[in-house]
Amino acid sequence: MHKYVIMGVQGCGKGTQATMLCQDFDLIHISVGDILRWNIKSHTKLGARIKRIVAAGELVGDDVIEGLVRRRLDEHDWNYGFILDGFPRNGHQAVFFLESYDIDAVIHIDVPDQVVVDRIMGRRLCVKCGTDFNVIMHWPKEPGICDMCGGELVKRVDDTEDSIRTRLEDFHTKTEPVLDQFRKKELVVRVDGTGAPEAIQADIRSQLGLPGLEPAAPAG
Ligand SMILES: [Zn+2]
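Following this line, the structure appears as structure tokens:
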């Protein structure tokens with residue numbers, strides 16, 4: 004059983020790293036952001052509530068988020084463990100979590116602010132099929148056009164430099180103290196998130212004492 008929390012500012016690559024770990028160790032990726040988005044898309048009662056809160060320019064309260072995490076973990080579909088992503092985000096949520104659950108480690112993916120800004124500002128999304136491109140790391144073959152479907156590539160509306168700086172500020176003031184709370188229990192593993200995804204994954208596994216990545220299968 005492996006129970007992890009993965010932390011890092013938006014754009015640090017934690018989704019990619021969580022997916023790689025989940026695939027090889029049969030873990031369940033529990034992303035609070037995904038659960039919130041699913042509720043909004045599926046027009047659930049909670050989704051309507053979240054929409055109202057966000058429309059009013061407010062943050063979804065700790066009670067809502069904590070209830071959602073508790074219900075998700077209570078499903079117990081994670082026979083081999085889980086990776087919790089997007090929680091806890093502040094001191095209150097961390098206290099709730101540490102009182103209620105035992106975890107094995109917190110994986111902190113550390114990326115300098117400017118790298119995050121460059122990555123997010125370089126992000127493009129296909130309007131037709133939703134594929135993510137990055138004009139720094141993953142160039143489309145033709146500028147502005149999706150490799151997969153030929154659709155138009157656009158920036159996400161919330162990817163402005165201002166909103167990214169706000170998210171970074173939020174992470175430093177509210178989420179980084181959570182890392183200190185976890186550190187008191189000696190649970191934090193820090194990795195440098197600026198390298199290639201495979202190198203970051205290898206670092207995570209070696210620090211967690213997990214078996215390494217399988218070499219890629221030869222083509223054909
Ligand atoms: Zn496309």
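Numbering (this note's numbering) for the sequence shown: 4 to 223.
Built from N, CA and C at the ideal position, the CB exists for glycine as well.
Note that this is a predicted model, so its numbers are computed, not measured.
Check your understanding: Name the DSSP beta bridge partners of Cys129, please?
Key -> Answer is Leu156, bridged to Cys129.
Review point. Of all the beta strand (DSSP E) runs that stay within the bounds of the region 36–78, which reach a length of 3 or more residues?
Key: Entirely contained in the region 36–78, not one beta strand (DSSP E) run reaches 3 residues.
Practice item. Return yes when at least one heavy atom of ligand 1 lies under 7 Å from the C-beta of Gly147, else no. Key: Not so, every heavy atom of ligand 1 lies at least 7 Å from the Cβ.
Check your understanding: How is the alpha helix (DSSP H) around Lys17 delimited, first residue to last?
Key -> Note, Lys17: alpha helix (DSSP H), Lys17 to Phe28.
Exercise for review: Look up Val191 in the DSSP assignment and give the residues it is bridged to.
Suggested key: In DSSP, Val191 forms a bridge with Val109.
Review point. What is the C-beta distance between Leu211 and Val191, in whole angstroms, given that I count them as a contact (C-beta under 8 Å)?
Key: Actually they do not touch by this definition, with Cβ atoms about 11 Å apart.
Review point. Name the DSSP bridge partner or partners of Val120?
Key: DSSP, once it has assigned bridges, lists no residue as partnering Val120.
Review point. Thr169: buried (16+ other C-beta within 10 angstroms of its C-beta) or exposed?
Key: By the 10 Å Cβ count, Thr169 comes out exposed.
Review point. Can you list, in chain order, the residues of its chain whose CB lies under 8 Å from that of Glu155, leaving out five sequence neighbours each side?
Key: Excluding sequence neighbours, Glu155 sits near Cys129, Val130, Lys131, Gly147, Ile148 and Cys149.
Review point. Which whole-angstrom value describes the C-beta separation of Lys17 and Asp88, a residue pair presumed to lie in contact below a C-beta threshold of 8 Å?
Key: Separation of the CB atoms of Lys17 and Asp88 is rounded to 6 Å, and the pair is thereby assigned contact status at 8 Å.
Exercise for review: Return yes when the C-beta of Lys131 is under 7 Å from any heavy atom of ligand 1, and no when it is not.
Suggested key: Yes, Cβ of Lys131 sits closer than 7 Å to a heavy atom of ligand 1.
**Study point:** Whole-number beta carbon distance between Phe90 and Ile224, since they are thought to touch under 8 Å
**Key:** Absent from the structure is residue 224, since the part of the chain shown begins at 4 and ends at 223.
**Study point:** For Val98 and Gly64, the rounded distance between their alpha carbons
**Key:** Near 15 Å, if we compare the C-alpha coordinates of Val98 and Gly64.
Review point. Quick one: does the C-beta of Gly18 sit closer than 7 Å to a heavy atom of ligand 1?
Key: No, ligand 1 has no heavy atom inside 7 Å of this Cβ.
Check your understanding: Do you know how far the Cα of Val8 is from the Cα of Asp214?
Key -> Inspection of the sequence shows that residue 214 is occupied by Pro rather than by Asp. Answer to the nearest angstrom: the Cα atoms are 19 Å apart.
Check your understanding: Looking at C-alpha atoms only, which residue of Phe174, Ala205 and Thr197 is the closest neighbour of Asn93?
Key -> For Asn93, the nearest C-alpha among the options comes from Phe174.
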